[in-house]
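Here's the structure, in structure tokens; my notes come after.
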Amino acid sequence: MLERAKAILIALGGAENVINVESCITRMRVEVRDVRRVSVPDLRGAGALAAIISGTGNVVQVVLGQETDDVVDSVERLGVARRVV
Numbered sequence: 015m016l017e018r019a020k021a022i023l024i025a026l027g028g029a030e031n032v033i034n035v036e037s038c039i040t041r042m043r044v045e046v047r048d049v050r051r052v053s054v055p056d057l058r059g060a061g062a063l064a065a066i067i068s069g070t071g072n073v074v075q076v077v078l079g080q081e082t083d084d085v086v087d088s089v090e091r092l093g094v095a096r097r098v099v
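Sequential numbering of the sequence shown, starting at 15, is according to my numbering.
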């Protein structure tokens with residue numbers, strides 16, 4: 015799962031581009047500094063079922079299915095802050 019989390023972080027523009035991340039059942043909600051650095055094809059390549067970039071702001075929703083909590087835990091282990099909801 016850690017390798018998948020690394021690939022997702024790279025597709026999100028790197029850990030330095032991620033402000034925070036939270037788990038929303040089957041989606042990983044990510045606030046990023048610059049949405050232009052996010053690669054939806056690379057997110058798909060890392061196993062995302064879909065990725066949605068909000069049209070108004072810096073939020074990316076990465077649909078991962080039932081593995082979302084595990085991926086978010088791995089992203090957190092890689093040093094990215096998790097927002098508690």
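For every residue, glycine included, the Cβ atom is placed at its ideal position computed from N, Cα and C.
The beta carbons of I24 and R47 sit about 15 angstroms from each other, so the pair does not count as a contact at 8 angstroms. Comparing C-alpha distances from V49 to each of G71, L92, T40 and V85 shows the shortest one belongs to G71. Linking G59 to R18 through their CA atoms gives a straight-line distance of about 10 angstroms. In this chain, A60 is not harboured by any beta strand (DSSP E), its DSSP state being neither H nor E. Between the alpha carbons of V85 and R51 lies a distance of about 20 angstroms. According to DSSP, R18 shares a beta bridge with no other residue.
In this chain, the alpha helix (DSSP H) harbouring V89 covers T82 to R91. The DSSP-derived three-state label of N31 is helix. Nearest to L78 by alpha-carbon distance, out of E36, V89, L63 and I67, is L63.
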